[in-house]
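Undergrad:
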Amino acid sequence: MLNYIKNNWLYNIKKDLLAGIVVALALIPEAIAFSIIAGVDPKVGLYASFSMTVIIAIVGARSGMVSAATGAMALLMVTLVKEHGLQYLMAVTILTGVIQIIAGYLKLGNLMRFVSKPVITGFVNALAILIFMAQLPELTDATWSVYLLTASGLAIVYLFPLIPIIGKLIPSPLVCIISLTIVAALLGLDVRTVGDMGQLPDTLPIFLLPNVPLTFQTLQIILPYSLALAAVGLLESMMTATIIDDLTSTTSNKNQECKGQGIANIGTGLLGGMAGCAMIGQSMINIKSGGRSRLSTLFSGIALLIMILFLSDILKLIPMAALVAVMIMVSISTFSWDSIKNIKHHPLSSNIVMLATVAVVVITHNLALGVFIGVLLSALFFAHQVSQCVVVKSTLVNEQIYTVRGQLFFASADQFSSLFDLNNVAECVKIDLTLAHFWDLTAITALDKVIIKLRSQGATTELIGMNEATANMINKFAVHDDPNLNQKLLASH
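First residue of the sequence shown: 10, per our numbering; consecutive thereafter.
1. For my contact list, LEU324 and LEU209 are in at a C-beta cut-off of 8 angstroms; report their separation, rounded to the angstrom.
2. CA-CA distance, PHE425 and ALA455?
3. Output needed for ILE30: all residues of its chain with C-beta closer than 7 angstroms, excluding positions within five of it in sequence on either side, in chain order.
4. Candidates VAL49, MET329, THR130: which alpha carbon is nearest ILE352's?
5. Grouping DSSP H, G and I as helix and E and B as strand, with all else coil, what is ASP441?
6. Once you ignore the five residues that flank LEU428 on each side, which residues in its own chain have a CB closer than 6 angstroms to its CB?
7. At which residues does the alpha helix (DSSP H) containing GLN291 begin and terminate?
8. Does the Cβ of SER258 have 16 or more other Cβ atoms within 10 Å, making it buried, or fewer, making it exposed?
9. Would you say PHE447 and THR479 are within 8 angstroms of each other, going by their C-beta atoms?
10. Going along the chain, which residues of its own chain have a beta-carbon closer than 7 angstroms to the beta-carbon of ILE453, five neighbours each way excluded?
11. How would you write the range of the alpha helix (DSSP H) that TYR56 sits in, first residue to last?
12. Starting from the C-beta of PHE43, find all residues in its chain whose C-beta is less than 7 angstroms away, skip the five residues before and the five after it, and write them out in chain order.
13. So, are the CB atoms of SER154 and LEU198 less than 8 angstroms apart?
14. Check this for me: beta carbons of SER387 and SER125, under 8 angstroms apart or not?
15. Determine whether the beta carbon atoms of GLN270 and GLY242 lie at a separation below 8 angstroms.
16. Among the candidates LEU27, TRP18, LEU34, whose CA atom is the shortest distance from the CA of ALA330?
17. In angstroms, rounded to a whole number, what distance separates the CA positions of ALA151 and VAL200?
18. Around the C-beta of ALA284, are 16 or more other C-beta atoms found within 10 angstroms, so that it is buried, or is it exposed?
19. Could you have a look at GLY285 and say whether DSSP puts it in helix, strand or coil?
20. For LYS402, report the span of its beta strand (DSSP E) as first-last.
21. Among the residues of its own chain, which have a CB less than 6 angstroms from the CB of THR509, if the five just before and after it don't count?
22. Cutting at 8 angstroms between CB atoms, please list the residues of its own chain near ASN360, excluding the five before and the five after it.
23. I need the DSSP call for ALA77, collapsed to helix, strand or coil.
24. Does the contact criterion of 3 or more C-beta pairs under 8 angstroms hold for the segment 335-345 versus the segment 88-106?
25. Give the C-beta separation of LEU376 and GLU245 to the nearest angstrom, bearing in mind that I take them to be a contact with Cβ-Cβ under 8 angstroms.
26. Return the chain-ordered list of same chain residues with a C-beta closer than 7 angstroms to the C-beta of PHE216, the five sequence neighbours on each side being excluded.
27. Just to confirm, is the Cβ distance from ILE253 to SER305 under 8 angstroms?
28. Per DSSP, PHE447 forms a beta bridge with which residues?
29. For the alpha helix (DSSP H) that ILE22 lies in, which residues bound it at each end?
30. Could you check which residue in HIS355, LEU442, PHE59, ILE186 has the C-alpha nearest to that of ILE410?
31. Assign LEU115 to one of three DSSP states: helix, strand, or coil.
32. If we count the other Cβ atoms within 10 Å of its Cβ and call it buried at 16 or more, is PRO146 buried or exposed?
33. In or out: CYS286 buried (at least 16 other Cβ within 10 Å) or exposed?
34. May I ask you to list the residues that DSSP assigns as paired with THR469?
35. Give me the residue from CYS437, ARG414, THR366, VAL221 with the minimum Cα distance to ASN407.
36. Excluding five sequence neighbours on each side, which residues of the same chain lie with their C-beta closer than 6 angstroms to the C-beta of ALA40?
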């Protein structure tokens, strides 16, 4: 137990605490903004961000990753809140958590193995672009002081780490936020502040059950929303965990993360919050600020609650330009610049997958749809490439032997059939499958057609060299030895 606490909580205390403060400051305006998007009071998003970060720090699988209220989830809640109100949103949040826990036990986190590197790169690049685009409203038709503060903030973020000793001790985003707040307050600059985003809560969240009827009709209302939120939340969380894994050269249990996200959402719903998931922007801020252990995530939630309850008068003075500078830094550091340089070196199919993922996410602002399109394109390109690797060679001495090499499945079945010379058939034909593997019913059907066609021209046929899996498939599904079925199959050929 002591080793677990040391290895997961206490090995990076100073940097984790400082990083937690930076993350908490960055969470406040976004939580308020996402609450506005969802059509609920700002305290709903702030309470959600507090509870998600605290709970996920304890039960999550990925140290250093931050979960809170997110824009992707907020967009899915708009219609529900408008038509049914806050109580149903809380019920949806709890059911979302239950579904995510079930997904964890079903080991759906293992599906991340099917997400290719180009999809992950496209996801990262799209998020970086979206993070940058989200800052543009603060810079559009703004006063000169806003541009000056933003530029100064970027200078602090990038130059402060170059200062010997002290530059490594204090996260530059924290220095940026504190410095610009002091400057804006002393000079009385007319700039938009956190206080302009919405009213901060002044009470602790309280435990309460959603006031909705426990009926089948209620389930019909909340289930579709919960399924959508669970899917988007898990997808964004799994992708973020994968990115943090790469950044920190560590691994995480994706199935445990599914359960952790579920527990966090149940707790959030019971505290009056909205459903949330992992946040790539805040997670990147945490990592870039030196946060590594669970302590950084836990403290970001605690610091968030302390700030909104006891330091709200100070928080309201923080200029949005300071947070814009930090988020621009996050977008720049998140974007995979190597992916641009490597376009001319990578295969065309990989580039298409990466660019398609970026385009779909940026255009639709739908992370799930972008990843789905990327995974689908990856699968199609993979299937096409594998299907081109089927080779059939024929040798003729006393008997004709066809040697088959490659993977036989729905995409390569037609090519397999076309590689046999069915016009000049020897009396004895052997098909050597030592170097081949049959994967599905389409491939077995193609083999049936070849054998039946050969036999219809008077040849005796024999299959040799089958591995156990292929033999089981053929024995179970092949019909070339059934006289009634093979006539129908030959007629359809």
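The beta-carbon is built from N, C-alpha and C at its ideal position, and this holds for glycine as well.
TA: Taking the structure as given:
1. At roughly 7 angstroms, the Cβ-Cβ gap stays under 8 angstroms, so LEU324 and LEU209 are in contact.
2. Roughly 7 angstroms separates the two Cα atoms.
3. Correct list, in chain order: LEU183, ALA312.
4. When only C-alpha atoms are compared, the closest one is THR130.
5. Strand, per DSSP.
6. Hits under 6 angstroms: VAL401.
7. Residues 289-297.
8. Exposed, because fewer than 16 other Cβ atoms sit within 10 Å of the Cβ of SER258.
9. For PHE447 and THR479, yes; Cβs fall inside 8 angstroms.
10. Excluding positions up to five away in sequence, the list reads PHE447, MET482, ILE483, PHE486, ALA487.
11. Taken as a continuous stretch (DSSP letters only), the alpha helix (DSSP H) holding TYR56 covers 51-68.
12. Taking C-beta separations shorter than 7 angstroms and ignoring five residues to either side along the sequence, the partners of PHE43 in its chain run GLY54, ALA78, THR79, GLY80, ALA83, following chain order.
13. Judged by beta-carbon spacing, LEU198 lies within the 8 angstroms limit of SER154, meaning their Cβ atoms are closer than that value.
14. Yes, the pair counts as a contact, with Cβ atoms nearer than the cut-off.
15. Contact: yes.
16. Nearest C-alpha to ALA330: LEU34.
17. Between ALA151 and VAL200, the C-alpha separation is close to 8 angstroms.
18. Buried.
19. Of the three classes helix, strand and coil, the one that applies to GLY285 here is coil, per DSSP.
20. Under the DSSP assignment, LYS402 falls in the beta strand (DSSP E) whose first and last residues are 400-405.
21. It is not possible to answer for residue 509, since the shown part of the chain is limited to 10 through 502.
22. For ASN360, same chain residues with a beta-carbon under 8 angstroms away, outside a window of 5 residues either side, are PRO127, ILE352 in chain order.
23. Looking at ALA77 - three-state DSSP - the assignment turns out to be strand.
24. No, the segment 335-345 is not in contact with the segment 88-106.
25. Yes, they are in contact, since the Cβ atoms of LEU376 and GLU245 sit about 6 angstroms apart, within 8 angstroms.
26. For PHE216, where only same-chain residues beyond five positions count, the Cβ hits under 7 angstroms are LEU279, LEU280.
27. Taking 8 angstroms as the cut-off, the Cβ atoms of ILE253 and SER305 do not count as close.
28. Paired residues: LEU417.
29. It spans 22-47 - the alpha helix (DSSP H) in which ILE22 sits, taken as one unbroken run.
30. With distances taken between Cα atoms, ILE410 lies closest to LEU442.
31. The DSSP-derived three-state label of LEU115 is coil.
32. Sixteen is the threshold: since fewer than 16 other Cβ atoms of the shown chains lie within 10 Å of the Cβ of PRO146, the residue is exposed.
33. Per the 10 Å Cβ criterion, buried.
34. Within the DSSP bridge table, the entry for THR469 names CYS437 as partners.
35. The shortest C-alpha separation from ASN407 is found at CYS437.
36. The beta carbon of ALA40 lies closer than 6 angstroms to those of GLY54, LEU55, SER58, ALA78 in the same chain, with the five residues before and after it left out.
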